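Here the structure is laid out as structure tokens; the discussion comes afterwards.
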Amino acid sequence: MRTRRFLAAIAAVVLVVTGAAGASAEPAKRVFNSMQILFDLNTPDHFCTIGAVGTDKYDRKIAVSAGHCLVDAPGQHYSDRDIPENIAPVYDRNDTGFGPIGYVRYFKNREGSMTGHPTKDYMIIELVPSVTPSSQGPYLKQTGELEVPDGQPSPNALNPSLNNERLLGAALNNTNELVVSGQLGVWYGRVTSNANGVYQSWAKHQANDSGGPSIWHVPGTEYPGQGNNFQAAGPWAGITKAIILGVPQYVYTSSANILADLRARDAAHPGTYGAGFHVTQNP
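Numbering (the working numbering), first residue to last: 3 to 285.
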């Protein structure tokens with residue numbers, strides 16, 4: 003009996019140790035939509051926001067933000083091309099002690115526009131191996147990429163376009179709505195205009211929310227409110243772009259424009275960072 007009990011005790015210890023190892027196998031640092039990010043630790047009040055997190059077709063961990071968050075310095079030419087060098091680190095604004103959560107691999111310059119490139123205002127960040135992509139932000143859970151089978155193709159799309167490269171309608175009889183998350187909390191509003199894949203909406207944001215997440219409100223699902231702790235879930239629909247002189251003044255770059263441009267760039271130059279992006283299924 004003593005031998006059996008001793009062996010049982012050893013088995014219990016092995017299970018405990020194995021369980022602990024299994025639990026620590028996944029990196030504890032999570033990267034999620036709405037995370038505020040820095041590119042320069044010396045300017046903590048100048049930040050942008052992550053809009054979606056997942057993987058690309060080459061199994062790289064990827065986060066998406068806004069392209070206008072960066073500009074080429076004089077004499078530099080990094081915009082609009084893949085950047086394999088680790089020259090542009092990205093930090094979690096609320097946990098800079100962790101070190102870089104990733105490195106900028108692509109951004110589209112403003113090209114003279116105050117609100118970013120008209121249809122390609124996005125940034126691709128390759129996350130470091132020691133973080134875990136998460137689909138759950140403080141308010142928004144992203145359930146995949148928005149697909150609009152009968153929508154107009156993005157101006158960036160190849161022919162034929164994929165369903166996730168097609169745009170939401172914005173006619174008067176259309177009830178498409180965005181749910182967004184940023185410094186103001188979570189807001190939702192109807193898409194009132196679609197200009198080449200840039201959506202206008204009543205959903206609010208403010209400065210430094212650039213790049214932040216928007217999802218499509220799935221008809222029939224609950225709106226965020228006090229009863230559900232302001233939580234919402236739906237497919238990724240785009241990222242925060244700018245505030246313009248218009249009504250409504252809040253505009254968003256569609257996920258369709260981003261995904262279409264990534265696929266087109268990858269067709270021309272295979273291996274493009276972010277190509278075939280899919281939102282993570284990690285909680």
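A virtual CB, placed ideally from N, CA and C, is assigned to each residue, including glycine. Here the structure is a predicted model, which means the values were calculated and not measured.
Assign residue i to buried or exposed, taking buried as 16 or more other Cβ atoms, counted over all protein chains shown, within 10 Å of its Cβ.
i: Leu261; result: buried
i: Gly300; result: In the structure displayed, the chain extends from 3 to 285; residue 300 sits before or after that span and is not available.
i: Ile52; result: buried
i: His207; result: buried
i: Leu186; result: exposed
i: Ala68; result: buried
i: Asn176; result: exposed
i: Ala269; result: exposed
i: Leu264; result: buried
Nearest by alpha-carbon distance to residue i: which of the options is it?
i: Gly319; options: Asp74, Pro135 and Glu87; result: Since the first residue of the chain shown is 3 and the last is 285, residue 319 is not available in this structure.
i: Asp47; options: Glu167, Val55 and Gln38; result: Gln38
i: Val200; options: Gln185, Gln233, Lys122 and Asp211; result: Lys122
i: Gly247; options: Asp268, Ser203, Asn284 and Pro221; result: In the sequence as presented, Gly is not what sits at residue 247; that position holds Leu. For Leu247, the nearest C-alpha among the options comes from Ser203.
i: Asn161; options: Ala54, Asn44, Val281 and Ala266; result: Ala266
i: Ser36; options: Ala269, Asp263, Ala234 and Pro215; result: Pro215
i: Gln78; options: Ser195, Val188, Asn111 and Asn196; result: Asn111
i: Ser163; options: Glu149, Pro102 and Ala173; result: Glu149
i: Gly240; options: Val55, Pro91, Tyr80 and Phe232; result: Val55
i: Ser137; options: Thr57, Gly213, Ile103 and Tyr254; result: Thr57
i: Asn210; options: Asp61, His280 and Ile245; result: Ile245
i: Ala172; options: Cys50, Ser256, Gly213 and Arg83; result: Ser256
i: His280; options: Asn44, Arg192 and Arg62; result: Arg62
i: Asn44; options: Ser81, Pro76 and Pro91; result: Pro91
Excluding the 5 residues preceding and the 5 following residue i in the sequence, name in chain order all residues of the same chain whose CB lies nearer than 6 Å to its CB.
i: Pro272; result: none
i: Ala23; result: Reliability fails at Ala23, whose pLDDT of 40 lies under 50, so the model's placement of it is uncertain and the value that follows must be treated cautiously. Once the five neighbours on either side are set aside, Ala23 has no close Cβ partner at all.
i: Val181; result: Tyr190, Ile217, His219 and Ala234
i: Asn88; result: Tyr105
Going along the chain, which residues of its own chain have a beta-carbon closer than 7 Å to the beta-carbon of residue i, five neighbours each way excluded?
i: Ile126; result: Ile64, Val66, Arg107, Tyr108, Tyr275 and Gly276
i: Ala258; result: Ser156, Asn166, Glu167, Arg168, Leu169 and Gly199
i: Gln154; result: Arg168 and Leu169
i: Glu224; result: Asn230
i: Thr145; result: Ala235, Gly236 and Pro237
Pick helix, strand or coil for residue i, following the three-state DSSP scheme.
i: Gly191; result: strand
i: His280; result: strand
i: Phe100; result: helix
i: Ser163; result: coil
i: Asp263; result: helix
i: Asn196; result: strand
i: Gly213; result: coil
i: Gly229; result: helix
i: Ser256; result: strand
Could you name the residues of the same chain whose beta carbon sits closer than 8 Å to that of residue i, not counting the 5 residues immediately before and after it, in chain order?
i: Ser132; result: Pro29 and Lys31
i: Thr134; result: Glu28, Pro29, Ala30, Lys31, Arg32, Val33 and Asn284
Is the Cβ of residue i closer than 8 Å to any Cβ of chain D?
i: Thr117; result: The question asks about chain D, but that chain is absent: this structure has only one protein chain.
TODO: Taking 8 Å as the threshold, find out whether the region 29-43 comes into contact with the region 88-107 through three or more Cβ pairs.
DONE: yes
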